[in-house]
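These notes are about the structure you will find just below.
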Amino acid sequence: MKKIPQIGCACEKPTPNYTEYRSSELGIDQTNGRHAEVTIQQCKLCQRIWIRYFVEFEHITKSGRWYKGIVTKKDRGQITPENAVEFLESLEWYVYGGSFFESTGTFGQGKLNVDG
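Under the numbering used here, think of the first position of the sequence shown as 397, with each following residue one higher.
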């Protein structure tokens, strides 16, 4: 399990209008027909790098969900859209939310619920 300290930055408890990130698209995870968007985000305040995984099933109401976890510069080059879920599940903690959870951000760990 990858241990990453929580430092109390606003990026750990994002509100819907929190936009203090530099973002770049990593790609789309097609696993199991998810079509999940995988993005790299860097917090402008603390400079930490996050991997964000967003999936939504258009035919299911309130199915939108996202997960994001901190990634080290060393690990960043190893992450692909297809292994992002496995990477997030390996972390000591991540933040998750979305309409599926009726949450703007909660701390979690372990298995991700990404298959509808």
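Idealized CB from N, CA, C, for every residue including glycine.
Between the beta-carbon of PHE450 and that of SER459 there is about 11 Å, and that puts the pair past the 8 Å contact cut. Under the three-state reduction of DSSP, VAL481 is assigned to helix. A contact is defined here as three or more CB-CB pairs under 8 Å, and the region 424–438 meets this definition with respect to the region 462–478. Here the alpha carbons of ILE447 and GLY512 stand approximately 20 Å from one another. Here GLY429 carries a helix assignment [DSSP, helix/strand/coil]. Rounded to the nearest angstrom, the Cβ distance from GLN402 to TYR417 is 18 Å, too far for a contact under 8 Å. In the displayed model, GLU421 falls within a strand according to three-state DSSP.
Per DSSP, the unbroken beta strand (DSSP E) holding LYS464 starts and ends at 461–467. ILE456 is classed as exposed because its beta carbon has fewer than 16 other beta carbons within 10 Å across all chains shown.
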